[in-house]
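One structure is given here, and the rest of the page talks about it.
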Amino acid sequence: MHRSLRLNIAAGVFGMFWICAPLGAPLPLLMQAVHASSTQLGLLSAAWQAAMLAQIPAALFAESLSRRKPMWATVTLLHRILWAAPAVVPLVLPNRREWWPVALITALALSNLLANLGTASWLSWMADIVPVDRAGRFWAVRQRILAVGLIAGTAFYGWLLDRYAGSESVFGFQVVFALCSFFGILDIVVHCFVHEPPVQKTELGLPLARRLAAPFQTPGFRRLTLLMAFWTCAQSLVGYTLAMPGFFSMVHLRESFGASYSQASLIFMAAALGGALFSGKLGPWMDRAGAVAVMTRLAVVAPVSMMAWWFVKPGTLELAGHTWPVAVLWMAFAALLQGAFCTGALLCQFRLAQMFTPTSGRTLAMAVHWSIAGLGGAVGGIGGGWVKDLLEQGGALPGGRYAFDVLVLLSVLLTWGAVVPLCLKLAAPVEEGARLNV
């Protein structure tokens with residue numbers, strides 16, 4: 047079991063060299079380079095979240111299998127191969143540049159769909175092998191180690207883009223996404239050596255409606271799923287995915303403040319560093335106070351860190367012989383807190399999903415939870431892109447504000463108005479409350 051957990055972490059490090067391209071600066075800045083609109087950018091962000099709905103039919107199928115790993119490996123390998131699309135599309139359609147955004151959105155949406163065909167199996171697999179009594183510590187340690195790979199990959203890709211991506215050339219992006227796909231495949235191959243415990247079979251003869259409704263009979267599952275849908279929606283409004291800043295925020299730094307590729311990547315690295323530093327305290331805190339209490343506090347303070355975007359000002363500063371936009375330096379500092387709080391909430395979601403899903407039928411329960419949460423994220427991504435396009439078409443905003451500032455405000459209001467009240471009503475399972483004495 048210990049060997050499997052170590053292999054899980056090792057695979058995850060390779061995975062960080064994959065995920066920092068779609069979640070960090072490379073993907074949104076690629077879409078900017080191919081002249082995608084804010085609505086198209088929002089659609090791409092929404093596709094990532096909406097694809098989570100595929101977890102439900104995939105989980106129904108997976109629960110009829112004796113093993114989860116073969117199906118998971120097949121669909122996720124295809125998913126990672128498709129992330130080479132940004133490297134291939136310019137070669138296949140060299141004279142049809144106007145079609146590049148459509149082709150990329152289509153290929154990457156298919157990739158996300160394939161990824162989610164295996165997600166529920168992976169989540170239930172991990173819930174089965176991670177010891178319950180130290181789950182918080184494991185996810186925290188894993189997060190700190192993975193953050194090293196995330197920071198290294200982000201810095202490396204930023205350097206490549208500054209060196210090879212010109213105003214009209216996408217060669218740098220082609221190199222980055224070819225490497226992204228390669229490391230993503232390595233992640234899956236290494237993870238295939240992780241031990242898979244026997245699956246606890248469910249009653250497959252039950253009607254589909256009863257199987258889908260079964261997780262909601264576990265106390266707190268419905269409330270947890272709803273609050274995470276609102277949380278994911280609030281994060282997606284400002285382009286944050288899986289606790290990391292991207293999409294709208296990266297484009298905002300480049301369009302509004304002239305940040306270079308590597309400078310825009312700095313806030314992504316700062317967020318990863320903040321998550322790594324905070325997770326050292328988060329794991330023991332979750333195991334001691336309970337994930338419900340921790341999630342409640344994070345939902346209160348995270349929006350405060352998001353409001354740092356409202357204090358961003360134009361201008362540059364000479365530092366270490368280089369000219370830096372003040373906005374990048376200010377938001378890099380703020381991203382340390384944003385990364386800490388948002389990563390903390392993501393780790394709480396992993397722990398809470400483990401707590402509130404029954405052992406029997408866990409694959410389907412995980413699929414239902416993450417699909418509904420992802421649907422909230424899809425609404426936020428599409429809504430954010432639509433609002434941003436609408437505001438930018440209307441001309442300058444009062445007080446010199448940016449369209450992105452409005453998205454931040456909407457995100458804050460949604461978090462405090464919906465997520466926090468639901469957190470306050472979420473009760474930990476009796477056995478955890480007794481064990482933790484909370």
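Residue numbers (my numbering): 47 to 484.
Glycine residues also receive a C-beta, built at the ideal position from the N, C-alpha and C atoms.
Please read these numbers as outputs of a predicted model, since none were measured by experiment.
In the displayed model, His368 falls within a strand according to three-state DSSP. In the assembly as shown, Lys434 is a buried residue. Its beta-carbon has 16 or more other beta-carbons within 10 Å. If you check the CB distance, Tyr286 and Gly204 do not come in under 9 Å. Annotated three-state conformation of Leu206 is helix, per DSSP. Collapsing the DSSP output to three states places Thr362 in a strand. Residue environment for Ala366: exposed (fewer than 16 other C-beta atoms within 10 angstroms of its C-beta). Between Gly321 and Gly61 the beta-carbon gap is near 15 Å, outside 8 Å, which marks them as no contact. Relative to Val240, the option among Arg183, Val346 and Trp171 whose CA is nearest is Trp171. With contacts defined by Cβ atoms closer than 9 Å, Val176 and Gln400 form a contacting pair.
Here Thr342 carries a helix assignment [DSSP, helix/strand/coil]. Across the structure, Val350 and Val458 are spaced so that their CA atoms are roughly 8 Å apart. Of the candidates Ala275, Val374 and Trp146, the residue whose Cα lies closest to the Cα of Leu76 is Trp146. Contact check for Leu106 and Leu437: beta-carbon distance about 41 Å, past the 8 Å limit, so the pair fails to qualify. Less than 9 Å divides the Cβ of Cys226 from the Cβ of Phe63.
Note that the C-beta distance between Ser282 and Gly463 is not below 9 Å.
Between the C-alpha atoms of Arg183 and Cys394 there is a straight-line separation of about 11 Å. Following the DSSP letters along the chain, one finds Arg256 inside the alpha helix (DSSP H) bounded by residues Leu254 to Ala259.
Apart from sequence neighbours up to five positions away, the residues of its chain that approach Ala275 with a beta-carbon distance below 6 Å are Ile418, Ala419 and Gly422, ordered along the chain. When C-alpha distances from Ala108 are compared across Thr369, Arg408 and Ala149, the shortest belongs to Arg408. Note that the segment 82 to 95 does not touch the segment 116 to 130; fewer than 3 beta-carbon pairs, one per stretch, sit closer than 8 Å. The C-beta distance from Arg180 to Ser325 rounds to 14 Å, too long to fall under 8 Å, and the pair is not in contact. Close CB contacts of Leu258 within its chain, under the 8 Å cut and outside five residues either way in sequence, are with Ile102, Leu410 and Val414 (chain order).
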